[in-house]
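Here the structure comes first, spelled out in C-alpha cells, and everything after it is commentary.
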Amino acid sequence: MKGLTPGIHELEFLLDNKFFADIEGTEVQKGNVKAFVSVKQNAKVFELDFDLKGVAVVPCDRCLDDMDVLIDAQNHLVVKFGKEYAEEGDDVIIVPEEEGAINIAWFLYEFVVLAIPIRHVHAPGKCDKEMASKLRQHISRHLPDGEDDGMEENGDDIFPEKEDVFPDPRWDALKGLIGNDNN
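So, in C-alpha cells, the structure goes:
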C-alpha cells in the first residue's frame, strides 16, 4: 500500500478451487468467484470497495451433496496506517506503517462466506435421493403414530416449513396472548 500513488486503483482476482483450498476455511472449500477491488487512496487512508460475483460450492443442508450458491456481494473496508495491527470495527483495519501492506485474502474469503445464505438446500428434485430416503425413514420413526411427516415423496421437503408438523407445546401459553390486546 505504501507504493500506491494517490488516486483510484483497480484490481481483479479469481477466487478458484486453489484459492479456497489454500485459505483452509471450513465453510467454503470450492468455488469460482471473481473479485473486483477498487482501492482509493487519500493520504494515509485507503478505501477498498469489493465487488464479488461467481459461484461458491457448499454442502446441501439436507443431503450433504455439493451444491452451487450464487455469490453477488459488495463490501467496503477502510485501511489506515498506525503503529501496530488492529481492528477498529468490522470495516476499519489498522496496519503497521513500517510494513505498509495488507493481505486481503482472508477478507475476500469472509466476504464470500457472508454472501452465502444461512440455509442452503438444493432446488426441489435435486437432493440425493438415497440420503433423502434415509432421512425420511429416520424422521418418521420419531413422529407419533399416525402423524404425517410433512415430506413429499420425492424427498425434497425433508425439513418442512410448516410450524404445525413438529408442534412445540412450550409455545402454547404464548399463543393465547395473540390478539389479546386488552391486558
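Numbered according to this note's numbering, the sequence shown spans residues 104 to 286.
Glycine included, every Cβ here is placed at the ideal spot set by N, Cα and C.
Keep in mind it's a predicted model, so treat the numbers as computed, not measured.
Helix, strand or coil at residue i according to DSSP, with G and I counted as helix
{"i": "residue 219", "result": "coil"}
{"i": "residue 107", "result": "coil"}
{"i": "residue 241", "result": "helix"}
{"i": "residue 130", "result": "coil"}
{"i": "residue 125", "result": "helix"}
{"i": "residue 189", "result": "strand"}
{"i": "residue 156", "result": "strand"}
{"i": "residue 135", "result": "strand"}
{"i": "residue 147", "result": "coil"}
Close-in-space but distant-in-sequence residues of the same chain around residue i (CB under 7 Å, 5 per side omitted)
{"i": "residue 258", "result": "The predicted model places residue 258 with a pLDDT of 45, which falls under 50 and marks its position as unreliable, so this point remains unresolved."}
{"i": "residue 47", "result": "Given that the chain is displayed from residue 104 to residue 286, the structure contains no residue 47 and the question cannot be resolved."}
{"i": "residue 144", "result": "107, 109, 110"}
Exposed unless 16 or more other CB atoms sit within 10 angstroms - verdict on residue i
{"i": "residue 63", "result": "The shown model of the chain, from 104 to 286, leaves out residue 63, and the question about it has no answer."}
{"i": "residue 180", "result": "buried"}
{"i": "residue 222", "result": "exposed"}
Selection from the options that minimises the alpha carbon distance to residue i
{"i": "residue 185", "options": "141, 271, 148", "result": "148"}
{"i": "residue 287", "options": "199, 203, 159, 154", "result": "Since the first residue of the chain shown is 104 and the last is 286, residue 287 is not available in this structure."}
{"i": "residue 121", "options": "189, 111, 132", "result": "132"}
{"i": "residue 212", "options": "110, 221, 137, 104", "result": "137"}
{"i": "residue 166", "options": "228, 140, 156", "result": "228"}
Own chain residues within Cβ distance below 6 Å of residue i, not counting five before or after
{"i": "residue 273", "result": "none"}
{"i": "residue 119", "result": "135"}
{"i": "residue 287", "result": "No information on residue 287 is available, as it lies outside the stretch 104 to 286 that the chain covers here."}
{"i": "residue 256", "result": "Any reading at residue 256 must be qualified, since the residue scores a pLDDT of 47, below 50, and its modelled position is unreliable; no value is offered."}
{"i": "residue 271", "result": "none"}
Min CB distance residue i to chain B below 8 Å
{"i": "residue 271", "result": "Among the chains in the structure shown there is no chain B, since it carries only a single protein chain."}
Close beta carbons around residue i, own chain, < 8 Å, minus the five adjacent residues each side
{"i": "residue 158", "result": "134, 135, 136, 171, 172, 173, 174"}
Taking 8 Å as the threshold, find out whether the region 182–202 comes into contact with the region 156–171 through three or more Cβ pairs.
no
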